[in-house]
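Residue numbers (my numbering), protein chains in the order written: chain L, 163 to 571; chain R, 10 to 615.
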Amino acid sequence: MTTQPASAPASTDRSRSLALYLHIPFCTAKCGYCDFNSYEGLPGHLVADYTPALVREMELWAPAAKDLTVDTVFFGGGTPSLTSLDDMSQITAAIRAQFNISPDVEWTLEANPTELSREHLDGLRALGVNRLSMGVQSLQPEELTLLERLHSPERVIEAVRDARAAGFDNLNLDLIFGIMGQPLSKWQDTVERILELRPEHLSCYALTVEPGTALYYRVAKSQIEEPDPDVAADQYEWTRTRLAQAGYEQYEISNWALPGRECRHNLVYWHAEPYLGLGAGAHSFFLGRRIANVDAPNRYVEAVNESWEERQATGRGELRQIAGGETPDEATQRADAIILGLRLMRGISIADFTERFGVSPDDAFGPAIAKHEALGLLERVDGQLRLTERGLLLSNEVFVDLLPDEDDD
Amino acid sequence: MEQSRIRNFSIIAHIDHGKSTLADRMLEVTGAIELRDMREQVLDSMDLEREKGITIKAQAVRMPFTAADGNQYEINMVDTPGHVDFTYEVSRALAACEGAILVVDATQGIQAQTLANVYLAMDLNLKLIPVVNKIDLPSAEPERVAQELIDVIGFDPDEVVFASAKTGVGVTDILQAVVERIPPPQGDRNAPLRAMVFDAKYDAFKGVLVYIRVLEGRARMGERMRLMQQSARFEPVEVGYFRPALQKSDLLEAGEVGYIATGLKGVSQSRVGDTLTIDGPGGATEPLPGYQPAKAMVFAGIYPTDSDSYAALRDALERLTLNDAALQWEPESSAALGFGFRCGFLGLLHMEIVQERLEREFDLDLVATAPSVEYELTTTGGEEIRIDSPAELLSPDKIAEIREPWVRVTISMPARYIGTLMQLVTERRGEFDRVEYLDHAEDESESRVLGTYHLPLSEILVEFYDQLKSRTSGYAAMDYAIEGYRRAHVSRLDILVNGESVDALSAIVPTGDAGPSGRKLALKLKELIPRQMFDVPIQAAIGGKVVARETVKALRKNVLAKCYGGDITRKRKLLEKQKKGKKRMKMIGSVEVPQEAFMAVLKMRD
Chain L
163 MTTQPASAPA
173 STDRSRSLAL
183 YLHIPFCTAK
193 CGYCDFNSYE
203 GLPGHLVADY
213 TPALVREMEL
223 WAPAAKDLTV
233 DTVFFGGGTP
243 SLTSLDDMSQ
253 ITAAIRAQFN
263 ISPDVEWTLE
273 ANPTELSREH
283 LDGLRALGVN
293 RLSMGVQSLQ
303 PEELTLLERL
313 HSPERVIEAV
323 RDARAAGFDN
333 LNLDLIFGIM
343 GQPLSKWQDT
353 VERILELRPE
363 HLSCYALTVE
373 PGTALYYRVA
383 KSQIEEPDPD
393 VAADQYEWTR
403 TRLAQAGYEQ
413 YEISNWALPG
423 RECRHNLVYW
433 HAEPYLGLGA
443 GAHSFFLGRR
453 IANVDAPNRY
463 VEAVNESWEE
473 RQATGRGELR
483 QIAGGETPDE
493 ATQRADAIIL
503 GLRLMRGISI
513 ADFTERFGVS
523 PDDAFGPAIA
533 KHEALGLLER
543 VDGQLRLTER
553 GLLLSNEVFV
563 DLLPDEDDD
Chain R
10 MEQSRIRNFS
20 IIAHIDHGKS
30 TLADRMLEVT
40 GAIELRDMRE
50 QVLDSMDLER
60 EKGITIKAQA
70 VRMPFTAADG
80 NQYEINMVDT
90 PGHVDFTYEV
100 SRALAACEGA
110 ILVVDATQGI
120 QAQTLANVYL
130 AMDLNLKLIP
140 VVNKIDLPSA
150 EPERVAQELI
160 DVIGFDPDEV
170 VFASAKTGVG
180 VTDILQAVVE
190 RIPPPQGDRN
200 APLRAMVFDA
210 KYDAFKGVLV
220 YIRVLEGRAR
230 MGERMRLMQQ
240 SARFEPVEVG
250 YFRPALQKSD
260 LLEAGEVGYI
270 ATGLKGVSQS
280 RVGDTLTIDG
290 PGGATEPLPG
300 YQPAKAMVFA
310 GIYPTDSDSY
320 AALRDALERL
330 TLNDAALQWE
340 PESSAALGFG
350 FRCGFLGLLH
360 MEIVQERLER
370 EFDLDLVATA
380 PSVEYELTTT
390 GGEEIRIDSP
400 AELLSPDKIA
410 EIREPWVRVT
420 ISMPARYIGT
430 LMQLVTERRG
440 EFDRVEYLDH
450 AEDESESRVL
460 GTYHLPLSEI
470 LVEFYDQLKS
480 RTSGYAAMDY
490 AIEGYRRAHV
500 SRLDILVNGE
510 SVDALSAIVP
520 TGDAGPSGRK
530 LALKLKELIP
540 RQMFDVPIQA
550 AIGGKVVARE
560 TVKALRKNVL
570 AKCYGGDITR
580 KRKLLEKQKK
590 GKKRMKMIGS
600 VEVPQEAFMA
610 VLKMRD
């Protein structure tokens, strides 16, 4: 249990693989809907200190990962495309030095179309980045303004064209639907124009007004209306049909890909396989533990440096950048596995789940599964348990009933 | 202490007029409490009391005071609960005293409820000391308010004491006035013991503590005692007085205020107003006058959200009853809500306090049904019955007559709101009685008046107070007293959720208004019941005939957004929050109904 944690998958091959996530918390401007760990306007020296800290954090973790092969690398943010090519080359060199990298590694970088130059794209490609995930969100100027995105629709088209020219043949575009005041027709227009760009992958997320964001306060103060969930549902249903027609396969609640172009990195999360997160506020599921780094970039840099210096001096050193963690108990592992697995269109394999936990999904979650099968939100097909078409947009209703019971509230 | 050196007084004040602050200041000035033990509202020991700024339980404290004549006096302050629901409790606290301080806010003037308590005190022949408080505030009008006291209650101009409890100005003058003006107690210390209980509290170690004023005779340790009305007998565990902490003294004599720890298990055996005497030949034969058994005016069902908590709710009610003799309850079951309790309360505030204490102190998730009054029914067969729940209302063909309780409501306000009030009262089936002027301002509309109205009690339960406050911009204050029963024309409105009749959502409404009420209630429920996995029809019906229908449309979207950097713990927490919200809802068939829906009938007029 402790040595081979929740990762134990069907194929032994995957048990030796690792996904690497690197968090870049900097942005030119924080978007109104964003509640991620990202910051605008941080002092220059902090941005400069961040890269060496990331490199040192890799050195701290490397011994624990020495027997593993990195299959996917993902730079998330924040805005990783803001990091200079100099810094990127230091970081990628360190990754290659500290970890075993698979020859067919999927190497993704999240990019913002605003400041993405052709030169920068060429540089990234040369460093080994082979997949770009671009935050487009919308191609309607008024929606981009509402979301406080700085780019224009034209900039998106240019950035995609430049990325293609730089040799990126694996491209994801992020889109947001269910925006307040957004009629179905506007969403359809955005999707149609995106399809003309033929990205290999599309992520379509419903806008969530998260507490603490600028958008949340504007809604709370009635400056803008709340998103209409029924319009969002109409948009989602139309999207599923339209993207299928265009040859995209939906493999997760919010993700579509051309055949063979699923995001391998995100599949690691949904398969509850191990990943190591580096950087401020990064999350890991590693050695059976779920771990979170401190959020504030300055505290992260200090903590990593202290740990690294202690390690240099004494050969030991606790990982001070870790803010908290948990070792999920058996019940939580089962719940995580089924909740994450059900996000995938194929759902979970009943046989694999039973083999992994020694108990079938029905024995572990019987009444909840029966209830949602009766409600038409879950179904069984070919030994798989999965969400129905209707269950996709109502997945939380299913998931809350799969959470482990808490007796201590 | 000999009786000539004892003074017993109470404080009459409207909420927020500074009673608790004045009490705090007196404790400081007399040194009854060390400064380091001082905190705000020191006599209000419950969290709820501090939060709401009101006194729920009565309290008492003994203070030593050296008066201008150089003599040391023993001054007992008996603090009273400050709300209309507790009028009887207030009257007993007043009956424990020879005088009262009437505190009026210099920025506000006399309020209806204060006046009601002044009349209570006058009926009991208490000497009143008028105090105009908060004279330090920029908006204070001490002279105008003093004139109001002179005109309305008939004080002499030189009787009025000006003070600021906040700054301490005038506090010693008040204490001096207490010594000079309030007569000392005069009970015969050699007569058989008669002490009046003005409050009771449960103590886990000493059993029930009765708060008493000894009117005649002596109460001492070692003598068996009994409570005459409730016939409870006990040997005292402890005898003492308040400082305000309990202070053992082993003896209380006629004229004194203190407590007796009875060892009894439960305050239901020690109703406020009861008479304490010696058990046996040395005891009194006649109880003191003025006792009234507790009478609940408002009734509601209280159910655990989770039926597994039924036993925990029963235990909690038992424990609360140890401290609250006015709370009545008996088991009740509802087809919709399962097993719970029908509870009787003194009024709406009392209901609210009980519900909050159950949820807070006992960590229970509860569903309370809309409060109801008690109706009197004469059946066609000539039988007389009383009902306090819509579910018990017989079908119209079995009812010969139905009667409901009415109240006399007094409202103090600036004269410009007389018309507004008239409208509010008429909307609620009420009647105008009279308006009296409390003062005469230059601008007639600014004069303060006291309006008297008659309304069905059920009508003032339904957001009457909130409406009164909002329509008069907060300038009006009210008091009410039960008058008796009058004939009523009411029907039961039934609610069907998803095709099933839900007894706990039924309401008794005026027959003439039943159709519109049904439509409003169905609409309100549509707002309050969240969208489910399927369409939920809501119907209102009278006598089996559907008068309104609304539909809560099926939920289509409840999905998590982007999962950032593999932060699964956080997503789980979001789901857990949703789960907690669902747990607080009551399952009616397969429909999740939130607690607020059961109070929808109260919100219908929005």
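C-beta atoms are modelled at their ideal positions from N, C-alpha and C, and glycine is treated no differently.
Remember, predicted model here, so these are calculated numbers, not experimental data.
For the alpha helix (DSSP H) assignment, the uninterrupted runs of no fewer than 4 residues enclosed by the region 380-457 of chain L are, from N- to C-terminal side, 391-407 and 426-432. If you draw a straight line from the Cα of residue 458 of chain L to the Cα of residue 498 of chain L, it comes to about 27 Å. Scanning chain R for C-beta atoms nearer than 7 Å to the C-beta of residue 415 of chain L yields 568, reported in chain order.
For residue 552 of chain R, no pairing in a beta bridge is given by DSSP.
Here residue 70 of chain R is near residue 251 of chain R, since their CB atoms are less than 8 Å apart. The region 122-133 of chain R makes contact with the region 93-107 of chain R; the number of CB pairs closer than 8 Å reaches 3 or more.
Per DSSP, residue 527 of chain L lies in no beta strand (DSSP E); the unbroken alpha helix (DSSP H) holding it starts and ends at 523-536.
For residue 493 of chain R, the three-state secondary structure derived from DSSP is strand. Its chain contains 228, 229, 230, 257, 258, 259, 260, 261, 267, 268, 269 and 270 as the residues whose beta carbon lies nearer than 8 Å to that of residue 248 of chain R, once the 5 sequence neighbours on both sides are disregarded; these appear in chain order.
Residue 22 of chain R is positioned such that its CB atom lies closer than 8 Å to that of residue 123 of chain R. For residue 282 of chain L, the secondary structure class from DSSP, reduced to helix, strand or coil, is helix. Secondary structure note for residue 363 of chain L: it is in no alpha helix (DSSP H), and the uninterrupted beta strand (DSSP E) holding it is 363-368.
Of the residues L:224, L:188 and L:450, the one whose Cα lies closest to the Cα of residue 263 of chain L is L:224. Of the residues assessed, residue 280 of chain R falls on the buried side of the cut-off, its CB having 16 or more other CB atoms within 10 angstroms. Look at the beta carbons and you see the region 27-38 of chain R not touching the region 528-535 of chain L: under three pairs across the two are nearer than 8 Å.
At least one CB atom of chain R sits nearer than 8 Å to the CB of residue 445 of chain L. Residues of chain R with a Cβ closer than 8 Å to the Cβ of residue 498 of chain L are, in chain order, 577 and 581. At a cut-off of 8 Å, the C-beta of residue 11 of chain R has no neighbouring C-beta in chain L. For residue 335 of chain L, the uninterrupted beta strand (DSSP E) segment begins and ends at 333-339. Counting along the chain, the unbroken beta strand (DSSP E) around residue 442 of chain R starts and ends at 440-446. Looking at the DSSP output, residue 534 of chain R sits in no beta bridge, so it has no partner there.
In the DSSP assignment, residue 424 of chain R falls outside any alpha helix (DSSP H) and carries neither an H nor an E. Residues 445, 485 and 486 of the same chain have their beta carbon placed closer than 6 Å to that of residue 454 of chain L, with the five preceding and five following residues left out of the count. Distance between residue 452 of chain L and residue 583 of chain R, taken at the CA atoms: about 17 Å. Residue 443 of chain R is outside the set of residues whose beta carbon lies under 8 Å from a beta carbon in chain L. When beta bridges are read from the DSSP output, residue 353 of chain R appears opposite R:308 and R:337. Between the alpha carbons of residue 183 of chain L and residue 221 of chain L lies a gap of roughly 15 Å.
Pairing residue 310 of chain L with residue 342 of chain L gives a Cβ-Cβ distance that is not under 8 Å.
Taking a C-beta cut-off of 8 Å against chain R, the contacting residues of the region 388-414 of chain L are 391, 392, 394, 395 and 398, listed in chain order. By the rule that beta-carbons nearer than 8 Å mark a contact, residue 472 of chain R does not touch chain L. In terms of Cβ geometry, residue 275 of chain R and residue 330 of chain R form a close pair [threshold 8 Å]. From the beta-carbon of residue 601 of chain R, no residue of chain L is found nearer than 7 Å; the closest lies around 11 Å away. Residues of chain R with a Cβ closer than 8 Å to the Cβ of residue 463 of chain L do not exist, since the nearest Cβ in that chain sits about 18 Å away. Interface criterion not met: the Cβ of residue 595 of chain R is under 8 Å from no Cβ in chain L. If you look at residue 497 of chain L, you'll find it isn't in any beta strand (DSSP E); it sits in the alpha helix (DSSP H) that goes 492-504.
C-alpha of residue 423 of chain R to C-alpha of residue 455 of chain R: approximately 5 Å in a straight line.
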